[in-house]
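Taken in order, these protein sequences are the chains called C and Y. Taking my numbering as reference, the numbering of the first sequence is continuous, increasing by one, and the terminal residue is 498. Taking my numbering as reference, the numbering of the second sequence is continuous, increasing by one, and the terminal residue is 201. Report on one structure; see the data block that follows.
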Amino acid sequence: MLDRHDLELLRRDLEGGLTPAEATRLEALLASSSEARSTAMALRSMADGLETGETIEPHKDAVTAIMARIQGLPHPRRQGFIPALRATAARATAALREVSGVATGAGSRMEDVMSSRSKIVWGISAAAVVVLVGLWFGGVVPPQQEGADATIGAAKRYQAPQIAAKDVQLGDTQAQAFMQSETFDRILKDPNTRKLLSSAEMRAMFADAELRSALADPAFAAALQRIAGSAGLSQMFSDGDLAAALSSAQLRSALADANMQAALADDAVEAALADSALRSAFSSAAMRAALADANLRAAFGKASIRQALASAEFRSALADPALRASLNSAALKAAFSDDDVQTALSHAGIQAAFSDAAFQSALADAEMRAALAAPAMQSALADANIRAALTSAELQGAFADAALRSALASAEMRDALASSELQSALSSPALRSALADASLRSALASAEMRAALSSAAFRAAMQSAALRSALQDANFAAALSQASFASALAKADQ
Amino acid sequence: MCYKSRSNFSGTFVYLQVSTEDEDGLIGRCLDGDRAAFEPLVERYHGPLFRVAARLLGDREEARDATQTAFLKAYQALASCDRQRKFFSWIYRILVNECLNTLRARRPMQALDQDLAAPADKADAVASAETRKRVRRALLELSTEQRDVIVLRHFAEMSYEQVAAALKIPEKTVKSRLFSARQRLCELLAGARI
């Protein structure tokens, strides 16, 4: 074992400058200790930069390959949405302030006058951009045509040509002509457009070419109009993280989706999005990727899910990275695509579960969420038998039972769900088939079985590894389907 | 044994002397939507970054992937780059984190240095590869500050002055961190099993 003096000697050798006596000591150390030799070799290797004697040259096409991938990325944004507006608005305001300064006589030289004219033209140019875009998506310019429908849910991209800043570099004569046009006259008389123009932030926003391109999409523009008109949603979009997320094509696409727009119109969703945890959830890359899935977006179109967002516990659950990641799983997406599951989501029993405090608390529990996100559980959700059982009238009726829901939300049940034995059992075809059996479902719907499942003794039993292992046995699974078994369980608790 | 200085990578450090103002202009143009403005930065730094990655990972292909990923992440996060500092010191941090993630995720028996191994005696090559693996493992145990100075000094072969500029710390701090990092490495390598 090397002591600290030996280590110090090795370190100083690395840096060079050993005295003759120290060099002799080092030689003796290396001769007598394999540990010292090994350590010295490692240090020398590090000092040599792990060099093997060969020159390390990068691949010849490295730069080309990197730039090719850069082309596929969205432009990096300077800041989030709203902070970028403020920064741009500050520049616009500074420019306008300069114009007013000259107008009040702060500068009287011809150059200043000419400069001020340029700035006035700039100001009008920017306003013209705003006005023209605003009128375009409002259907004023050009006049509304059949087929260019801008209603919510329209999938067709608007065909109007894009305005670029260079297109609106109006010279003085152009500015004058514009101000004398019928279009400008209509602009001044339109109260909505005047309101738009009165906001410095909005004016600065329209100077952004990429945003103008997105606004040309009627569905996206409609979503933003909805957001702008809502205090709760506006607060959401003041959040830097979520605002930056808007630069994602995935999220913009999701916002253009009819189901998502229906969700945005829901008061419960609006209130929920005032929650910083939920905003954070929607900002995450995992959530954005999940929202790219049409089936998941369809789920948000369901009143039951939207109602669930009103619950703090449910929102907290969505803020959990594990659960968000699980939303991206093929199994869960497949489950959402199933017609039966979608129908089930709107069933009174399931809705009652989502609005049940105990159930919501269960979802908020980290262990429960981890259990739901586990591959075995998700594989079970993908199984047709399991889904059939979950969507059956009997089971949904069972969910309406407060006592059962309370039992499902208990710590013992959560532990059981998280256990490897139960998760393994869920993978067994025997148990899945049993769950698909009508007689078992009837048993679950029976008051006796529910009483048994709700009993403290049963919950305690679920903690038993032996019982959970038994669930993996095909014969035991078959026995569960017997009504007499349910009756026996109920009596055992008495 | 004296520390050997190497000259084959002296050209690397011309890149590090590019003015901050020049880089600031390029970054500004990127943020304004000019993707092509990122290319000069890639051309300048991909070589030295690749060499650091290759030495850290011991695999050319993994080093290429890590370097490419570092540039892509840097591009996407360009708005958060502190333009008061050199671009290199920022992207170097991204690259090292990428390499460390790769090292941590690596299977214990995964062969290393397949492309970098010297073709001489097979037994020596195996021993050298094993030694390099030990060093990499030890590097994972260092603090970020200690690892930075070791990597830049020994892997990127920067002078004390250049390390100080890259990390924006005084030169004497570089030396003191190197001292403690080497001490710590000695302890780690001595404690590691052969």
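We put the CB at the ideal spot given by N, CA and C, even for glycine. Computed from a prediction, not measured in an experiment: that's the story for all the values here.
The three-state secondary structure of Ser-150 of chain Y, taken from DSSP, is coil. Boundaries of the alpha helix (DSSP H) harbouring Lys-179 of chain Y: 178-198, taken from the DSSP string. DSSP places Phe-78 of chain Y in the uninterrupted alpha helix (DSSP H) bounded by 67-83. Close CB contacts of Met-165 of chain Y within its chain, under the 6 Å cut and outside five residues either way in sequence, are with Leu-159 (chain order). Contacts with chain C (Cβ-Cβ distance below 7 Å) from the region 27-57 of chain Y involve Cys-37, Leu-38, Gly-40, Arg-42, Phe-45, Glu-46, Val-49, Glu-50, His-53, Gly-54 and Phe-57, listed in chain order. Ser-42 of chain C sits close to Leu-196 of chain Y, with the two beta carbons spaced by under 9 Å. Nearest CB-CB separation between Gln-75 of chain Y and chain C: below the 9 Å threshold.
Where Ala-112 of chain Y is concerned, the enclosing alpha helix (DSSP H) starts and stops at 94-112.
Fewer than three Cβ pairs drawn from the region 74-89 of chain Y and the region 182-194 of chain Y lie within less than 8 Å of each other, which leaves the two stretches out of contact. Under the 10 Å beta carbon count, Leu-77 of chain C is surrounded by fewer than 16 other beta carbons and is classified as exposed.
At a beta-carbon threshold of 7 Å, the residues of chain C lying near Tyr-82 of chain Y are Ile-74, Leu-77 and Pro-80, ordered along the chain.
Around the beta carbon of Ala-112 of chain Y, fewer than 16 other beta carbons lie within 10 angstroms, which makes this residue exposed. Contact fails between the region 134-142 of chain Y and the region 39-58 of chain Y, because fewer than three Cβ pairs, one in each stretch, are under 8 Å apart. Its chain contains Ala-70, Arg-71 and Thr-74 as the residues whose beta carbon lies nearer than 8 Å to that of Phe-57 of chain Y, once the 5 sequence neighbours on both sides are disregarded; these appear in chain order. When secondary structure is reduced to three states using DSSP, His-9 of chain C falls in the helix class. Distance from Ser-49 of chain C to Thr-138 of chain Y at the Cβ level is roughly 5 Å; contact confirmed, criterion being Cβ atoms closer than 8 Å. Within chain Y, the residues whose beta carbon sits less than 8 Å from that of Ser-49 of chain C are Ser-135, Thr-138, Arg-139 and Val-142, listed in sequence order. With fewer than 16 other Cβ atoms from the protein chains shown falling within 10 Å of its own Cβ, Gln-75 of chain C counts as exposed.
Phe-95 of chain Y is a Cβ neighbour of Pro-55 of chain Y, given a cutoff of 9 Å. Going by beta carbons, Val-170 of chain Y and Val-67 of chain C fall outside the 9 Å limit. Nearest Cα to Leu-64 of chain Y within the set Y:Ala-86, Y:Phe-162, Y:Glu-148 and Y:Cys-88: Y:Phe-162.
Within the model, the alpha-carbon separation for Leu-33 of chain C versus Ala-40 of chain C is close to 7 Å. Residues of the same chain with a CB within less than 7 Å of the CB of Leu-22 of chain C, apart from the 5 flanking positions on each side, are Arg-16 and Leu-30 in chain order. For Ala-72 of chain C, the number of other beta carbons within 10 angstroms of its own is below 16, and it is reported as exposed.
Looking at C:Gly-20, C:Ala-46, C:Ala-25 and C:Ile-70, the one whose alpha-carbon comes closest to that of Gly-198 of chain Y is C:Ala-46.
The C-alpha of Leu-18 of chain C lies about 33 Å from the C-alpha of Phe-78 of chain Y. Here DSSP, grouped into helix, strand and coil, assigns His-79 of chain C to coil. Counting the other CB atoms within 10 Å of its CB gives Thr-151 of chain Y a total below 16, which places it among the exposed residues. With a contact defined as Cβ atoms closer than 8 Å, Ala-60 of chain Y and Cys-106 of chain Y qualify at about 5 Å. For Ala-61 of chain Y, the nearest beta carbon of chain C is closer than 9 Å to its own beta carbon. If you draw a 10 Å sphere on the C-beta of Thr-76 of chain Y, you find 16 or more other C-beta atoms in it, and that means buried. A residue is called buried once 16 or more other Cβ atoms fall within 10 Å of its Cβ, and His-9 of chain C, having fewer, is exposed. Across the structure, Cys-88 of chain Y and Asp-155 of chain Y are spaced so that their CA atoms are roughly 18 Å apart.
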